[in-house]
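Mapping the sequence shown onto the numbering used here, position 145 (from 1) lands on 189, and the numbers just tick up by one. All residues carry an ideal CB built from backbone N, CA and C; glycine is no exception. Only one structure is covered here, and it is reproduced in the block below.
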Amino acid sequence: MFVGEWLRCKDLPDEIAREGRATRLTGHFTEPIGSEPLAKGGAMGPLNGVTIIELAGLGALPYGTLKLADMGADIIRVHPLYEVPAGDKPTERHSEFDRGRRSIAIDLKSADGVALLKRLVEKADVFCEAFRPGVCERLGIGPDDLFACNPKLIYGRLTGWGQEGPLSHTAGHSLNYEAMTGAIGSIGAEGMPPVPMLQVFGDFAGGGLHLAFGVVCALFEAQRSGKGQVIDAAMVDGVMSIFQVFYGMTRTGFHTGPVGTNLFDGGAPFYNVYETGDGKHVTVAPIEAKFYAQLLDKLGIDPASLPDQNDMNGWAEIRAKFAEVFRTKTRDEWSALLEGTDVCYAPVLSFAEAEQHPHNVARGNFVPVEGSVPQLLPAPRLSRTPGELRPTYAYPGCDTESVLAEFGVSTDEIKQLAATTVIAW
């Protein structure tokens, strides 16, 4: 069986030669990456001026709003009072999920706390929550409640199973959503069980990113209609969206074999991971014929000694030959030989190694932060209004006073709300 009809050669654009320090992706490639310090004041990204109120939640929600914060949105996180630390307050600012936002603490189980939140919503653009369906309605802060305060409000709802459906009220985590969609059931070595994927597909890509995408789309539409709307961002839906190409490939016969035998899941020898002589691993992915030919040349393999690249019946023989050759050098020796060529090569790195790789260093991906761990430069990179890193809050509730004052709550009222334990800091 041949897959040549799927493997079409495509010419890549010419490389853009650049010397010296890597640059931001601008029209003229002249602005150095990482040349600006962390912003201390207002953001200048494309979402500058957008105010988002989020209820504190687990990883998926803060990741989605983090992407919006990095692009300039003002994120105000509402914590429950019990999360405000007692006694001496911490000063460290290190959490990825706290970055670029402020924190207030409100008792949303009290009528006064709900009324206070509604006052903030009146001046906000977006409200985001990640409770099970119906929880916010029971608290008196569901969509209808908040639309009454602000008809233009974008109401983002992030859940695992969605706002409706047989499983909508049941508990779950990223692994469950990845399993239900066929995602992890399609990933792994031939004859081996599926492998958990570090929450990437369900929580972050399927959940947080799709919520952020929905928020931006709804904000754009609201500029024309003047009306808000509800975003039902379900992680299970998001995972299926990520894998939509493979649903299509399954229906059209390009991805129908057992796990580990198809083109992109480890079946193809030219899209695979190989162990090196030092027990580490490298990847090669020369799908196109011209890149595959370069790989054979670099590996010192005569093309005539192997079956045709597109002959699936010969893949096992090609894979065995590649495995034999890759075990003759260490990972770093293969990198010295293959990196920077068009054989579609990259070494398999740990997170710590990735931070030190010359390409990632040149692009300024990891930004040192005084008093904290390095932070990732916001992605994607916009040429005129790029995202920027901003400080995190030190602890839940630390900005309660200043945020409420900014929203027009008087000093006396703030003191009264604190005295009656409606707010804390």
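Assign residue i to one of three DSSP states: helix, strand, or coil.
{"i": "histidine 403", "result": "helix"}
{"i": "aspartate 322", "result": "coil"}
{"i": "leucine 202", "result": "strand"}
{"i": "arginine 268", "result": "helix"}
{"i": "valine 170", "result": "strand"}
{"i": "isoleucine 458", "result": "helix"}
{"i": "lysine 54", "result": "Caution is warranted here: a pLDDT of 34 is assigned to lysine 54, below 50, making its placement in the model unreliable, and the coordinate value is therefore given only provisionally. In this structure, lysine 54 counts as coil in the three-state DSSP scheme."}
{"i": "threonine 465", "result": "coil"}
{"i": "glutamine 243", "result": "coil"}
{"i": "alanine 83", "result": "Confidence in alanine 83 is poor, its pLDDT being 36 and thus under 50, which makes the residue's placement unreliable; the coordinate value appears in the next sentence. Note: alanine 83 maps to coil in three-state DSSP."}
{"i": "serine 446", "result": "helix"}
{"i": "asparagine 220", "result": "helix"}
{"i": "tyrosine 107", "result": "helix"}
{"i": "histidine 299", "result": "coil"}
Give every residue of the same chain whose Cβ lies closer than 7 Å to the Cβ of residue i, excluding the five residues on either side of it in the sequence, and list them in chain order.
{"i": "glycine 441", "result": "His123, Val128, Ser147, Ile148, Ala149, Ala468 and Trp469"}
{"i": "alanine 312", "result": "Trp359"}
{"i": "leucine 393", "result": "His401"}
{"i": "isoleucine 286", "result": "Phe245, Ala249 and Gly250"}
{"i": "serine 454", "result": "none"}
{"i": "glycine 206", "result": "Ser212, Asp276, Ala278, Val280 and Asp281"}
{"i": "glutamine 243", "result": "Gly103 and Ser218"}
Once the 5 residues before and after residue i are set aside, which same chain residues still bring their CB inside 6 Å of it?
{"i": "leucine 56", "result": "Summary for leucine 56: the model assigns pLDDT 31, below 50, so the residue's position carries little reliability; its value from the coordinates is reported in the next sentence. Taken in chain order, the list of residues that qualify is empty."}
{"i": "alanine 113", "result": "Ile119, Gly144 and Arg145"}
{"i": "aspartate 156", "result": "Val466"}
Identify which residue in the options has its Cα closest to the Cα of residue i.
{"i": "aspartate 132", "options": "Gly229, Ser446, Ala462 and Tyr439", "result": "Tyr439"}
{"i": "valine 158", "options": "Ser212, Gly184, Gly304 and Arg176", "result": "Gly184"}
{"i": "phenylalanine 290", "options": "Leu350, Cys193, Thr225 and Leu105", "result": "Thr225"}
{"i": "arginine 121", "options": "Pro134, Leu102 and Glu136", "result": "Leu102"}
{"i": "arginine 425", "options": "Leu263, Met115, Ser454 and Leu343", "result": "Met115"}
{"i": "glycine 270", "options": "Ala104, Asn194, Lys342 and Pro106", "result": "Asn194"}
{"i": "phenylalanine 248", "options": "Pro237, Cys388, Tyr221 and Ala233", "result": "Tyr221"}
{"i": "glutamine 353", "options": "Gly235, Ala333 and Leu343", "result": "Ala333"}
{"i": "isoleucine 331", "options": "Asp151, Val387 and Gly186", "result": "Val387"}
{"i": "threonine 327", "options": "His217, Lys167 and Pro391", "result": "Pro391"}
{"i": "phenylalanine 141", "options": "Leu420, Ala449 and Ser454", "result": "Leu420"}
{"i": "lysine 459", "options": "Arg407, Glu445 and Gly452", "result": "Glu445"}
{"i": "valine 94", "options": "Thr214, Glu234 and Ala262", "result": "Ala262"}
{"i": "alanine 256", "options": "Tyr107, Asp456 and Leu461", "result": "Tyr107"}
{"i": "glutamate 173", "options": "Pro187, Phe395 and Gly200", "result": "Gly200"}
Please confirm whether residue i and residue j have their CB atoms less than 7 Å apart.
{"i": "serine 154", "j": "valine 447", "result": "no"}
{"i": "asparagine 316", "j": "glycine 310", "result": "yes"}
{"i": "valine 411", "j": "leucine 433", "result": "yes"}
{"i": "histidine 254", "j": "glycine 292", "result": "no"}
{"i": "glycine 258", "j": "isoleucine 275", "result": "yes"}
{"i": "leucine 197", "j": "glycine 272", "result": "yes"}
{"i": "glycine 204", "j": "methionine 279", "result": "yes"}
{"i": "phenylalanine 366", "j": "threonine 320", "result": "no"}
{"i": "leucine 202", "j": "leucine 105", "result": "yes"}
{"i": "valine 179", "j": "isoleucine 96", "result": "no"}
{"i": "valine 239", "j": "glycine 232", "result": "yes"}
{"i": "threonine 436", "j": "glycine 89", "result": "no"}
{"i": "glycine 304", "j": "glutamate 234", "result": "yes"}
Between residue i and the rest of its own chain, which residues show a CB-CB distance below 8 Å, the 5 nearest in sequence each way excluded?
{"i": "threonine 374", "result": "Thr320, Gly321, Asp322 and Lys324"}
{"i": "tryptophan 378", "result": "Thr320, Val326, Phe370, Tyr389 and Pro391"}
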